[in-house]
Structure formats: structure tokens, C-alpha cells
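Below is one structure, written out as C-alpha cells; comments come after it.
2 protein chains.
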Amino acid sequence: MAVFLSTYVNKVDRKGRVSIPAQFRQSLAKTSAPSTVYLWPSLNHQALEGADQDYLDVLSESLESPDLDADERDMIETFIFGKLIPVSSDAEGRIVLPKELAEFAGITEEAAFIGRRKTFQIWEPDALKAHEAALREQVVRKDISLSQIVAKASRGAASRSGEGA
Amino acid sequence: MAVFLSTYVNKVDRKGRVSIPAQFRQSLAKTSAPSTVYLWPSLNHQALEGADQDYLDVLSESLESPDLDADERDMIETFIFGKLIPVSSDAEGRIVLPKELAEFAGITEEAAFIGRRKTFQIWEPDALKAHEAALREQVVRKDISLSQIVAKASRGAASRSGEGA
DNA sequence: TGGGCATTCTTGGGATAGCATGGGACGGCA
DNA sequence: TGCCGTCCCATGCTATCCCAAGAATGCCCA
Numbered sequence: 000m001a002v003f004l005s006t007y008v009n010k011v012d013r014k015g016r017v018s019i020p021a022q023f024r025q026s027l028a029k030t031s032a033p034s035t036v037y038l039w040p041s042l043n044h045q046a047l048e049g050a051d052q053d054y055l056d057v058l059s060e061s062l063e064s065p066d067l068d069a070d071e072r073d074m075i076e077t078f079i080f081g082k083l084i085p086v087s088s089d090a091e092g093r094i095v096l097p098k099e100l101a102e103f104a105g106i107t108e109e110a111a112f113i114g115r116r117k118t119f120q121i122w123e124p125d126a127l128k129a130h131e132a133a134l135r136e137q138v139v140r141k142d143i144s145l146s147q148i149v150a151k152a153s154r155g156a157a158s159r160s161g162e163g164a
Numbered sequence: 000m001a002v003f004l005s006t007y008v009n010k011v012d013r014k015g016r017v018s019i020p021a022q023f024r025q026s027l028a029k030t031s032a033p034s035t036v037y038l039w040p041s042l043n044h045q046a047l048e049g050a051d052q053d054y055l056d057v058l059s060e061s062l063e064s065p066d067l068d069a070d071e072r073d074m075i076e077t078f079i080f081g082k083l084i085p086v087s088s089d090a091e092g093r094i095v096l097p098k099e100l101a102e103f104a105g106i107t108e109e110a111a112f113i114g115r116r117k118t119f120q121i122w123e124p125d126a127l128k129a130h131e132a133a134l135r136e137q138v139v140r141k142d143i144s145l146s147q148i149v150a151k152a153s154r155g156a157a158s159r160s161g162e163g164a
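Residue numbers (numbering that gives the first Met the number 0), protein chains in the order written: chain A, 0 to 164; chain B, 0 to 164.
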């Protein structure tokens, strides 16, 4: 599965095309469908989410899980798969941002690609800045630190696999 | 089996014809009966459900399962198979929406096709918007996020296959 | 260490093919 | 014989493909 990192800002031309950052393309090259990315509107932000075929397969599989209640499944099927748009890149590595998605995210002239490991997001650059500022403010206020998070997560994993269950 | 994604809004002409979205047709092309889709009224919404031959076969088979109680089986047989209408597409990839189905869903001038992986739905566009708005409100209220659901599902899968049982 | 060269990436525009949509004609059924 | 459904053909639009060039980066050599 592709891994997406860093942030890149590219231009959107009159036809709604954007270059996928070269680094992302290199990641995509290793997946089962290198020239196809899947885009959908984020559930939680005014931004777009993107992923490769392999990630979608995992997601699709997790929908079969009996742990999900009917509401959640319906929601995902409507909001993710119903909104999901497979976009194939041209020979130059560009994709066309579907109109409704570009509008949803408020993207007109530039698009910011943010790597989020298994997925990435596409933001309107100014909206991204605002979002980042808000997040940073929270970090300071809650006094969050990286080492703390790692410690917390690994402690949780230990209790689940070892003592628990 | 065909996979249906994205949402497409197409016009219904005076004769009641609608183009099946090209993407859906491409999916259908791989199935055992490419030019036939099956339509029936949704159990839960004022909308239509659609699927290909292969999906119906699977559904039919699952009715044989002893895990299903008589009520459920009766319900499916009455409301799905009893209402099912096979519709064949013309050379241009259009289908004629059966009158009673169009009326049931309130479809007159436009029809919104929404992909739901193995099946799809056909809505009257305004009704769909209302439905989505209601769903989105739930997403916000329950504070649902995609990664959360994936995590939940995969954790469940792990405990079922590995530690549990 | 600095400059020049080559490659890759991003961006732009034009041409072509496919799709959605509309109307008309033919054939079958009532 | 009239009506309805199906098939066929035509067209405008949109999206896709193809070709081209500027810019930035990294590499190599002097």
C-alpha cells in the first residue's frame, strides 16, 4: 500500500487538472492500480480525501465486519462509496478534479496535497493554513507531545494483546 | 461482480429513458448479463435499488441459508424478488424506468444514480440531497470518522481470528 | 567549489473520441 | 387501425488523449 508524506501545492488549470506530486506518484507506482486514485469528500473537513486501490480494498473489506452497526455501514456506503470517484491520471501524471469535489473543498486555482500515510488530503491552500493554525493552537493548549502519544499507544497495544481479552 | 461507485445525475426524457452512467456500464460489462439490470423499490427509502444478475444470484443463494428465519425470508421474497423488474438497456446504454418504480421514487425529470459497491440506488435528486443532509447530521452528531471505523473493524477482525475464540 | 548540462516535473493548449440526450421511424400488440 | 414500446440515427457537449515548452532541480565535470 502506498505511503504519502509531506505537503505539496500545485496549480489547477482551467480544465480542472492538477499534477499529482511526483513523490506521491512514486508511491502509487507500487500499488495494484498505479494510475488510478480514489477521491472523496472528507467526512470531517472541507477537504478531499484520496487513496489508492489497495486502501479501498481494505476499507471495503472492513465494511463486511459484523462489528459495524447498520447505521454506520449505511453512512459509509452513502458518503464514501457513493461519493467516491475513481480518477485516472494522464500520461503527465495529472488528474482532473471532479467539479463537485473541487467545489466542496473550495479549490479553484491551487490545491495543497497533504500526505497522511495511507491516504492523503487535498485542501484549498488558505483553508489548510487556517486548519493548521487551529490545530496547532490545540496542541499548545492541551500540551500534547509526540513521545507522550507513542507511549500511550504502545501501552494500549500491550494490554490488548497480552493481559487483556 | 460489478462494483458501483460515485454519484451521477442524468436526465429522464419524455419516454422515461435514462442513461446508465458510463462507469456503471463498464462495471456491468464484466458481468454475466451485461445489458440487463434488475431494479426494485428500496425497503428503507423512497428510492430504487439496482444490481446485476450476479448479485441477484448471490442473494438468491443466501435465501437458502438455514440461519435466516422464516419472517426474513418471506420478507425478502415478497419485497425484493416479488418487486424485481429486469430492465434491458438499448444500444446507447439507456434503460426505461418502469412507471410504477419511477412513481415510487418520485422521479420525473432527473435521476441520481448512487453507487453502493455491489448495488446502486436511484433517487430523485432533491430527495437524495435531503437524505444526505440527514445522514451528515448524524455523522457530526456521533463524531464519526473513517479511520475510526477502519480501526474498529480491523480490531474486531483480529480478535475474531487471532486472540479470541 | 562553482558553473554548466541534463533530466524530471509542472504547466499549457489543441484535437479527438465518447457520452448524454433528443427526435423520428418501424414493428408489435391490443 | 391506433397506441405503445423498441430500435435507429443525429448532435452538442464534455472529458480524454496527445503534443509542447518553461521552470526547477540535481548531477557532473572542470
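Ideal Cβ positions, reconstructed from N, Cα and C, are used throughout, including at glycine.
Bridge partners - residue i, DSSP secondary structure assignment
{"i": "residue 36/A", "result": "86/A"}
{"i": "residue 112/A", "result": "7/A, 121/A"}
{"i": "residue 18/B", "result": "93/B"}
{"i": "residue 50/A", "result": "37/A"}
Residue i at chain A interface by Cβ criterion, 7 Å
{"i": "residue 57/B", "result": "no"}
{"i": "residue 11/B", "result": "no"}
{"i": "residue 6/B", "result": "yes"}
{"i": "residue 116/B", "result": "yes"}
{"i": "residue 149/B", "result": "yes"}
CA-to-CA distance, residue j to residue i, given in whole angstroms
{"i": "residue 19/B", "j": "residue 148/A", "result": "49 Å"}
{"i": "residue 127/A", "j": "residue 136/A", "result": "14 Å"}
{"i": "residue 15/A", "j": "residue 80/B", "result": "44 Å"}
{"i": "residue 96/A", "j": "residue 17/A", "result": "7 Å"}
{"i": "residue 57/A", "j": "residue 109/A", "result": "31 Å"}
{"i": "residue 61/A", "j": "residue 74/A", "result": "14 Å"}
{"i": "residue 90/A", "j": "residue 21/A", "result": "13 Å"}
{"i": "residue 105/A", "j": "residue 78/B", "result": "42 Å"}
{"i": "residue 101/A", "j": "residue 107/A", "result": "7 Å"}
{"i": "residue 156/A", "j": "residue 150/B", "result": "13 Å"}
{"i": "residue 153/A", "j": "residue 140/A", "result": "24 Å"}
{"i": "residue 66/A", "j": "residue 72/A", "result": "10 Å"}
{"i": "residue 11/A", "j": "residue 98/A", "result": "12 Å"}
{"i": "residue 124/A", "j": "residue 6/A", "result": "10 Å"}
{"i": "residue 69/A", "j": "residue 43/B", "result": "12 Å"}
{"i": "residue 3/A", "j": "residue 87/A", "result": "18 Å"}
{"i": "residue 41/B", "j": "residue 82/B", "result": "10 Å"}
{"i": "residue 162/B", "j": "residue 160/A", "result": "Bear in mind that the predicted position of residue 162/B carries a pLDDT of just 49, short of 50, making it too unreliable to give a figure here."}
{"i": "residue 8/B", "j": "residue 32/B", "result": "24 Å"}
{"i": "residue 38/B", "j": "residue 59/A", "result": "23 Å"}
{"i": "residue 1/A", "j": "residue 34/A", "result": "12 Å"}
{"i": "residue 245/A", "j": "residue 132/A", "result": "Limits of chain A in this structure are 0 at one end and 164 at the other, which puts residue 245/A out of reach."}
{"i": "residue 29/B", "j": "residue 145/B", "result": "30 Å"}
{"i": "residue 158/A", "j": "residue 53/A", "result": "30 Å"}
{"i": "residue 13/A", "j": "residue 25/A", "result": "26 Å"}
Residue-chain proximity (residue i, chain B), Cβ-Cβ < 7 Å
{"i": "residue 42/A", "result": "yes"}
{"i": "residue 199/A", "result": "There is no way to answer for residue 199/A, as the model of chain A reaches only from 0 to 164."}
{"i": "residue 119/A", "result": "no"}
{"i": "residue 199/A", "result": "In the structure as shown, chain A begins at 0 and stops at 164. Residue 199/A is therefore absent and cannot be evaluated."}
{"i": "residue 153/A", "result": "no"}
{"i": "residue 61/A", "result": "yes"}
{"i": "residue 158/A", "result": "no"}
{"i": "residue 0/A", "result": "no"}
{"i": "residue 76/A", "result": "yes"}
Legend entry - Contact residues within the stretch 87-114 of chain B, judged by C-beta distance below 8 Å to chain A: 113, 114
Inset, instruction - Scan the stretch 131-146 of chain B for residues whose Cβ lies nearer than 9 Å to a Cβ of chain A and list them as they occur along the chain. - result: Result list: 131, 134, 135, 137, 138, 139, 141, 142, 143, 144, 145, 146.
Legend entry - Three CB pairs or more closer than 8 Å across the stretch 110-129 of chain B and the stretch 48-60 of chain B: yes
Inset, instruction - Taking a Cβ distance cut-off of 9 Å, strictly less, list which residues of the stretch 29-41 of chain B are near chain A, in chain order. - result: So nothing in the stretch comes that close.
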